[in-house]
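Peer 1:
Number of protein chains: 2
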Amino acid sequence: IIEFDQVWKIFGAGESETIALQNVDLTVETGEFVSIIGPSGCGKSTLLRLIADLLPPSKGDIRVNGKTPRQARLDRDYGMVFQAPTLYEWRTVLKNVELPLEVMRSAREDKRGRAVKMLDLVGLSDFQNHYPRQLSGGMQQRVSIARALVFEPTLILMDEPFGALDEFTRERLNLELLDIWAETHKTVIFVTHSISEAVFLSSRVVVMTPRPGKIARIIDIDLS
Amino acid sequence: IIEFDQVWKIFGAGESETIALQNVDLTVETGEFVSIIGPSGCGKSTLLRLIADLLPPSKGDIRVNGKTPRQARLDRDYGMVFQAPTLYEWRTVLKNVELPLEVMRSAREDKRGRAVKMLDLVGLSDFQNHYPRQLSGGMQQRVSIARALVFEPTLILMDEPFGALDEFTRERLNLELLDIWAETHKTVIFVTHSISEAVFLSSRVVVMTPRPGKIARIIDIDLS
Ligand SMILES: Nc1ncnc2c1ncn2[C@@H]1O[C@H](COP(=O)(O)OP(=O)(O)OP(=O)(O)O)[C@@H](O)[C@H]1O
Ligand SMILES: Nc1ncnc2c1ncn2[C@@H]1O[C@H](COP(=O)(O)OP(=O)(O)OP(=O)(O)O)[C@@H](O)[C@H]1O
Ligand SMILES: [Mg+2]
Ligand SMILES: [Mg+2]
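Which chain is which? The protein sequence lines are A and B, in order.
If you number the first sequence the way this note's numbering does, the last residue is 1154 and the count never jumps.
If you number the second sequence the way this note's numbering does, the last residue is 1154 and the count never jumps.
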């Protein structure tokens, strides 16, 4: 479902050249839960941005559901949670979560119902009519998770979605995410700094080297 | 050095009233390393913002170094690391770190030297002339840590400073911070989601309840 074929990403040139990703080969199959771990600055967000057509590769090829990243983005094949919450300040929490359904001109009559259900999942039912700036850092991140899941995408890209959360909330959302994955067979690509979280959630863990980011090893997790 | 006397912080009114902090009494002595832990949305950032005069209390009194929070802010008594990096996009990394020294019209001739030393501490010597948008999430956060420390403040307020970092970088910076604290006897107020980090770094750990945020308990850590 996702294929990286000898992918490089280089920023800048000459003296200020930074090789963010070097010769990355990676295949993610449908229904897998793959975590990506590695040191700060090693290329994890860059990898996700390449999948999401937010950046072009410098060399090599990327396929998402058999299409170019651009086409997959236009077809809205996936939901994405960014490393920083990216909510619209002028929309309420509920309206922020409903946004993907509006944009897709979803025929669903239950747009509101879907959004409310997702907010309940992340523990923010009491804040539907609040504005993002009235929420704590972790609460804003949870709204952006609800938004990424609301249109039930078959592929989800998550860049350290639980980083701003305390351990209890994080563990609870880990379990919720695992439930969703088990029930719906979504494909998940999950960047995290927590090794234990990666091992808990994933069917495979991709370990990256420090810059220039290469894949150091891929660990298969035996799911019983 | 920091005193909270029956402090409340209430946002909104009527139906949309949120009690962020309820009847908080807290004293932090000079030279202490105090961590604040608690669930997402419980009031940790609010507590720090009250100390830093970014918000007024709804009830109660706050003293910082015997002054009002406003006076302590005008006198630049402390450095602060926010939950999200707050760098100036149009300044290089080095210039961002030098900023407090410029603002204080520091007589130090070695402004540049101080800034370079701090960047080296957080592992970003190679990125002095980069701009914030060229850095990863964790790298930007590390720049904001370097900036908070550069003018050697006697009080440091840190709101989840290492949240965006991988475990190795985080542990290394924990050790650096502990060294700095041991050598310079600074007072540190440190918000974290990691219980193990709080126990490792602190002389006392303040545990907060879920909203409305109250102090549930204060744990003394025996430092040998
Ligand atoms: N400007 C505001 N208006 C209304 N409510 C606010 C405002 N700022 C914060 N709050 C509320 O106050 C509560 C505490 O927020 P705070 O940011 O202190 O939480 P926190 O403990 O730092 O959370 P996190 O761990 O997620 O960063 C939250 O319920 C939040 O929604
Ligand atoms: N627009 C850009 N211009 C120049 N360099 C960039 C740009 N974007 C990213 N980089 C560099 O590419 C490298 C990888 O960045 P990336 O954001 O992918 O790291 P990361 O693994 O997500 O780090 P973190 O864990 O801190 O979020 C970093 O060294 C960064 O400075
Ligand atoms: Mg990143
Ligand atoms: Mg906070």
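Each residue gets a CB set at the ideal place from its N, CA and C atoms; glycine is no exception.
Computed from a predicted model, the values in this text were never measured in an experiment.
Within the same chain, show all residues whose beta-carbon is closer than 7 Å to that of A/Arg1000, passing over the 5 residues directly before and after it, in chain order.
Peer 2: For A/Arg1000, where only same-chain residues beyond five positions count, the Cβ hits under 7 Å are Asp983.
Peer 1: Against chain B, which members of the segment 1093-1116 of chain A pass a CB distance test of less than 9 Å?
Peer 2: The segment 1093-1116 of chain A vs chain B, Cβ under 9 Å: Gly1093, Ala1094, Leu1095, Asp1096, Glu1097, Phe1098, Thr1099 and Arg1100.
Peer 1: Return yes when at least one heavy atom of ligand 1 lies under 7 Å from the C-beta of A/Leu1065, else no.
Peer 2: Yes, ligand 1 has a heavy atom inside 7 Å of this Cβ.
Peer 1: Kindly identify the DSSP beta-bridge partner or partners of A/Ile981.
Peer 2: None; A/Ile981 has no bridge partner.
Peer 1: What number of angstroms, rounded off, separates the C-alpha of A/Ala1146 from the C-alpha of A/Val937?
Peer 2: Rounded to the nearest angstrom, the two C-alpha atoms are 15 Å apart.
Peer 1: Could you give the residue range of the alpha helix (DSSP H) that holds B/Lys1041?
Peer 2: That run of the alpha helix (DSSP H) goes Lys1041 to Leu1051.
Peer 1: Given a threshold of 16 other Cβ atoms within 10 Å of its Cβ, counted over all protein chains shown, does B/Lys989 qualify as buried or as exposed?
Peer 2: Answer is exposed; the Cβ neighbour count stays below 16.
Peer 1: Residue range of the alpha helix (DSSP H) that A/Trp1111 falls in?
Peer 2: Run containing A/Trp1111: Glu1097 to Thr1114, per the alpha helix (DSSP H) assignment.
Peer 1: Given a cut-off of 8 Å, decide if B/Ser970 and B/Val1135 are closer than it, judged by their beta-carbon atoms.
Peer 2: No, Cβ-Cβ distance for B/Val1135 and B/Ser970 is not below 8 Å.
Peer 1: I'd like to know whether the C-beta of B/Met1069 is nearer than 8 Å to at least one C-beta of chain A.
Peer 2: For B/Met1069, the answer is yes, since a Cβ of chain A falls inside 8 Å of its Cβ.
Peer 1: Please list, in chain order, all residues of the same chain as B/Ile1151 whose beta carbon is under 7 Å from its beta carbon, the five residues on each side excluded.
Peer 2: So the list reads Val1129, Ser1132, Ser1133, Arg1134 and Val1135, once near-sequence residues are dropped.
Peer 1: Over what stretch of residues does the alpha helix (DSSP H) that includes B/Lys939 continue unbroken?
Peer 2: First-last for B/Lys939: Ile932 to Phe941, but that is the beta strand (DSSP E), not the alpha helix (DSSP H).
Peer 1: Keeping to the same chain, check which residues put their C-beta closer than 7 Å to that of A/Pro987; ignore five residues upstream and five downstream.
Peer 2: Cβ within range, chain order: Val937, Trp938, Lys939 and Leu980.
Peer 1: Check the C-beta distance from B/Val1073 over to B/Val1023 and give it rounded, since I have them as a contact under 8 Å.
Peer 2: B/Val1073 to B/Val1023, Cβ: 5 Å. Contact.
Peer 1: Can you give me the start and stop residues for the beta strand (DSSP E) that A/Ala1146 sits inside?
Peer 2: From DSSP, the beta strand (DSSP E) with A/Ala1146 extends over Ile1145 to Asp1150.
Peer 1: Can you list, in chain order, the residues of the segment 959-973 of chain B whose Cβ is nearer than 9 Å to any Cβ on chain A?
Peer 2: Hits within the stretch, in order: Ile967, Gly968, Pro969, Ser970, Gly971, Cys972 and Gly973.
Peer 1: Taking C-beta to C-beta, are A/Val1137 and A/Ile967 nearer than 8 Å?
Peer 2: Yes, the pair counts as a contact, with Cβ atoms nearer than the cut-off.
Peer 1: How about B/Val1115 and A/Leu1095: do their beta carbons lie closer than 8 Å?
Peer 2: In the sequence on display, residue 1115 of chain B carries His and not Val. No, these two residues do not count as a Cβ contact at 8 Å.
Peer 1: Closest to B/Thr960 by C-alpha separation, out of B/Lys1025, B/Val994, B/Phe1081 and B/Arg1100, would be which residue?
Peer 2: For the residues B/Lys1025, B/Val994, B/Phe1081 and B/Arg1100, the minimum Cα distance to B/Thr960 belongs to B/Val994.
Peer 1: Please name the residue in B/Phe1081, B/Thr1016 and B/Gly1068 whose C-alpha comes closest to that of B/Arg1006.
Peer 2: With distances taken between Cα atoms, B/Arg1006 lies closest to B/Phe1081.
Peer 1: Answer with yes or no whether the minimum CB distance from B/Ser975 to chain A is below 8 Å.
Peer 2: For B/Ser975, the answer is yes, since a Cβ of chain A falls inside 8 Å of its Cβ.
Peer 1: Of all the residues that make up the segment 991-1022 of chain B, which are near chain A by a beta-carbon distance shorter than 7 Å?
Peer 2: So the list reads Gln1013 and Ala1014, given in the order they occur along the chain.
Peer 1: So is the beta-carbon of B/Asp1096 under 7 Å away from any non-hydrogen atom of ligand 2?
Peer 2: It does: the Cβ of B/Asp1096 is within 7 Å (strictly closer) of some heavy atom of ligand 2.
Peer 1: When the Cα of B/Leu978 is compared with those of B/Glu933, B/Ala1045, B/Lys1025 and B/Asn1059, which residue comes out closest?
Peer 2: Considering only alpha carbons, the answer is B/Glu933.
Peer 1: Give a yes or no on whether 8 Å exceeds the smallest Cβ distance from B/Ser1133 to chain A.
Peer 2: No, B/Ser1133 lies away from the interface with chain A (no Cβ there is under 8 Å from its Cβ).
Peer 1: Which residues share a DSSP beta bridge with A/Arg1134?
Peer 2: Its beta-bridge partners are A/Val964 and A/Asp1150.
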